[in-house]
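The structure appears right after this line, and notes come after that.
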């Protein structure tokens, strides 16, 4: 589906508007008009229903602004960047690796120098004006700002919602009454200062994400409902071997998918995609290539959709191991472990930190004992192989050189153990999903456009028309419109133009059905209900309209509506 | 209600967490935990129901990042600032006017010099360490950032959601099929770089707003449903005369409230406040003092709530005249007018721009004619008293000196006229509303805390308990829990501790009712339903639980539940 044609419909009918248009716009920013905002809300609501009501995840909502420390820990300040070149003539900036597309196999993998050389050798000029380009420079993709008056503190706009959940692991764990697995979700805006955003909703500088973080016991990566879906088949594109339809169970057994929990959330993602109206024949799950995968990731799959821009990533579902929680533990010094209580106390050989008071005493004087106690509480993983440890005593952070303690083996009777949870992260790009839903729903036949949006997500559920805007037909139609909105069904009243044109207006925005009030309505109280995709019509008593619309929205066929007569 | 006590409950039970706590936090930022996020969502959903479904406003969603031009037009780059002083010893910053509280009548009205003198004369020192303070400086409260690589473009995080609706007036007007009145709403995050945010949720650096912009014909400031509510009385604190209960109709007639539309949205704000559970006896509408009111505002009322921090503004409802739309018209050169079609064409004396081709020709050569046509399309208000005009020709913005045209009177037969809409803006602070809802709901009796949250907003609708976590009682209770979540009722399953402790846990988070499964349930299929505020209990068949909870949530009394037996 040609993106220009779809975006033009979106703009004309109030799904999307280029943001700040009256001021010349700002690339990578869109407004959601009334229909787009409603469609987006419906998609988000369904996701929330699946994850929060359905699977029991806890929804939280964190600030967009975050202090630098968070992104030092997550690695974003160091590694979240792209390379750009600037035209020395017109000043426009471009992604350096995009300009090198086709000149080598993986331009993004080159460093600044190599990429600069490649562009020079191939005499690449400014695509806009033909001017000379600067050498490539790295550019961090986080939006930077400063918090507070005076010098202020460096802060960033979050590039994903995930970090807010990682830093709150202990809070979420406590809220879930200290059991694993426990899941958090967050829906909200994220920001990436893209160098040259194009492709409409696919690459935005400000976008919405729906992310889930499932915190698991490292040895128990499954999910209670896995057993209910393991026989389901999916189109898988693994990074080794050939693409095929496989059951989840076979994929886990063959180690194509790393574990049952990951398989479950891949399946839930598929269910979500179908529910919101994506076309199953244009979806696939592609496993990240080994070189694409983060070094800490145990496995990662993308849900990709075939849309006007080609195969496009909509969702990523990754097993991130203990990387994120561990990183925040190390950087903050906070204890972000879960506690596994054994059924019975156990004798265990374990490694413990034995304080060396000979070194601690001179360094920390009267506080040496408190320091030793704080050391003992640290997870051993934050000591092993490190040359220092950080503890908090009386609210003060103290750095303890490794000469002050020794990690020794000890047999102890313990009631349980601390463990750093692993994380499975399904991460959904809302704007891309919304765009793909529109792309897959778009049907054009002899210049007549219909958006075949599912009832669940359609921004308007029903058009309500009086045949004529007089003789009381308008009063009856207004009553019907109001009674629908009172029960929460978004309806659109339209009394202008021919009925055919009114149907066309509704078809073009994906309204699943229309109700027409005519002169017979005044006689026998019946109205015409028309179904969008078949254009089939049926007369029913007007009292049964909400019921009929409810049936149509949930995907019922027209014959069940006929039965309402 | 003591804020510390309430915030402590909020933190302990998962309503609110200080953000980035493991990194020492960042003042003015809070996380919403699962209960807070749900409460917030419920409040927002109800507002949406009133404004979008109920009144037919169009919900849109604009980016948080906005280019500088928007805030030059709105006045925020110039005038959205506070004064601060910095401690020369500890470096902490403070609102200068706050430190001068009590030293003169209105410290915020002083300029930097006057305020500096006042602080010096009174020997005001750093409240934290007693150090010397710098002279007051102005500090713009918008968070600044930069968009794009290279030099980048200056941009700000929006300090309110309103501007996104003003710049989109033409889009909203077109979507509403070019009729006035037409309304837009937006719910979303806004940002103010407060100098020293304190007071928990009341003064945040990142917060949520729900704003409505009603665009009206300047001469028809009313609203269809005004007639249905004009007899209602409200507690009004006008800026002249004494506070009193008045009907809306009397208030409008006495010109206490400027017009019927403003009165209607004051009333709708009251209805919303009561619906979400604010205590009517702790609410008042206070009219802005004349010196508080913006120079362009025709009238402005705040809904204030009496909470632990004193009387606090939750909502502002202002008649902003044509100020905002006019400002964006002047700065962008875009035509943001509405067109009023007369019933019949009229002979009117009107002012028109007569092009002076003698001056236009030399300046614009072959485009002089296009420029003249574009000039003719500009609203005359953007020419009067200006020394230049800006028009767009072939996508290019051209500045036309006033020597190129003359504004002359002309009698013409016209089918209608352009007009700049007036705006009535109800602007709601979500976080403050949420906090006030908790404050008003908090009841403590002999150390037993109950949050008397209304069913509409309560984050958990029902607790579900098996008397014992065995003998199949747990299976029955789990079934009940699952069947409730399937119909969208958030339920909380709890099988640990005595029933009394489980009730207490639910009372403390405001759950309206609890369902207990005991051994009789196995015999006769009945369960105990307990109502939070009365602690009254009734046994009903378990099949009727959803119905009973529905009744309780909508405020029914227990006797109607008894009737379900």
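Protein chains in written order, with this note's numbering: chain S, 205 to 769; chain E, 205 to 769.
Idealized CB from N, CA, C, for every residue including glycine.
It should be emphasised that the depicted structure is a prediction, and the values quoted were computed from it without experimental measurement.
Collapsed DSSP secondary structure at residue i in the structure displayed
i                      : result
residue 751 of chain S : helix
residue 709 of chain S : helix
residue 758 of chain S : coil
residue 488 of chain E : strand
residue 314 of chain S : coil
residue 421 of chain S : coil
residue 447 of chain E : coil
residue 644 of chain S : helix
residue 652 of chain S : strand
residue 672 of chain E : coil
residue 387 of chain S : strand
residue 346 of chain S : coil
residue 207 of chain S : helix
residue 553 of chain S : strand
residue 685 of chain S : helix
residue 499 of chain E : coil
residue 638 of chain S : helix
residue 473 of chain S : helix
residue 257 of chain E : helix
Rounded distance between the beta-carbons of residue j and residue i, thought under 8 Å
i                      : j                      : result
residue 604 of chain E : residue 465 of chain E : Contact flag wrong, Cβ pair sits at about 37 Å.
residue 552 of chain S : residue 409 of chain E : So it is not a contact: roughly 47 Å between Cβ atoms.
residue 619 of chain E : residue 549 of chain E : 5 Å
residue 337 of chain E : residue 291 of chain E : 6 Å
residue 757 of chain E : residue 633 of chain E : Not really, about 26 Å apart at Cβ, beyond 8 Å.
residue 667 of chain E : residue 719 of chain E : 7 Å
residue 729 of chain S : residue 746 of chain S : 6 Å
Residue closest to residue i, alpha-carbon to alpha-carbon, out of the options
i                      : options                       : result
residue 557 of chain S : S:453, S:258, S:575 and S:292 : S:575
residue 700 of chain E : E:715, E:716 and E:681        : E:681
residue 391 of chain S : S:733, S:251, S:714 and S:271 : S:251
residue 655 of chain E : E:625, E:715 and E:418        : E:715
residue 334 of chain E : E:383, E:294 and E:300        : E:294
residue 437 of chain S : S:453, S:431 and S:524        : S:453
residue 369 of chain E : E:213, E:721, E:263 and E:520 : E:263
residue 246 of chain S : S:635, S:488 and S:677        : S:635
residue 420 of chain S : S:706, S:405 and S:387        : S:387
residue 761 of chain S : S:735, S:278 and S:208        : S:735
residue 614 of chain E : E:639, E:595, E:580 and E:683 : E:580
residue 708 of chain S : S:650, S:428, S:506 and S:415 : S:650
residue 577 of chain S : S:417, S:609 and S:590        : S:609
residue 441 of chain S : S:414, S:470, S:359 and S:695 : S:470
residue 663 of chain S : S:729, S:240 and S:573        : S:240
residue 214 of chain S : S:404, S:288 and S:397        : S:404
residue 422 of chain E : E:706, E:717 and E:624        : E:624
residue 417 of chain E : E:384, E:737 and E:617        : E:384
Residues from the segment 291-302 of chain E in contact with chain S, defined by Cβ distance under 8 Å: 295 and 297
Cβ-based contacts, 7 Å cut-off: residues of the segment 527-548 of chain E near chain S: 532, 536 and 538
Interfacial residues, the segment 212-224 of chain S to chain E, with Cβ spacing under 8 Å: 218, 221, 223 and 224
Touching by the beta-carbon criterion (3+ pairs, under 8 Å), the segment 256-266 of chain E and the segment 335-343 of chain E: no
Meets three-Cβ-pair contact criterion under 8 Å: the segment 473-484 of chain S and the segment 502-519 of chain S: yes
Inter-stretch contact (C-beta, 8 Å, three-pair minimum) for the segment 323-334 of chain E and the segment 295-302 of chain E: yes
Meets three-Cβ-pair contact criterion under 8 Å: the segment 266-279 of chain S and the segment 228-243 of chain E: yes
Touching by the beta-carbon criterion (3+ pairs, under 8 Å), the segment 638-653 of chain E and the segment 444-463 of chain E: no
Contact set between the segment 698-729 of chain E and chain S, restricted to residues whose Cβ is under 7 Å from the partner: none
The segment 263-276 of chain S: positions lying closer than 8 Å to chain E by Cβ: 263, 264, 265, 266, 267, 268, 269, 270, 271, 273 and 274
Segment contact flag, the segment 566-574 of chain E with the segment 527-544 of chain E, C-beta cutoff 8 Å, min 3 pairs: no
Contacting positions in the segment 223-252 of chain E - beta carbon closer than 9 Å to chain S: 223, 224, 225, 226, 227, 228, 229, 230, 231, 232, 233, 234, 235, 236, 237, 238, 239, 240, 241, 242, 244, 245 and 252
Residues from the segment 594-605 of chain E in contact with chain S, defined by Cβ distance under 9 Å: 601
Residues of the segment 615-647 of chain S whose Cβ lies closer than 8 Å to any Cβ of chain E, in chain order: none
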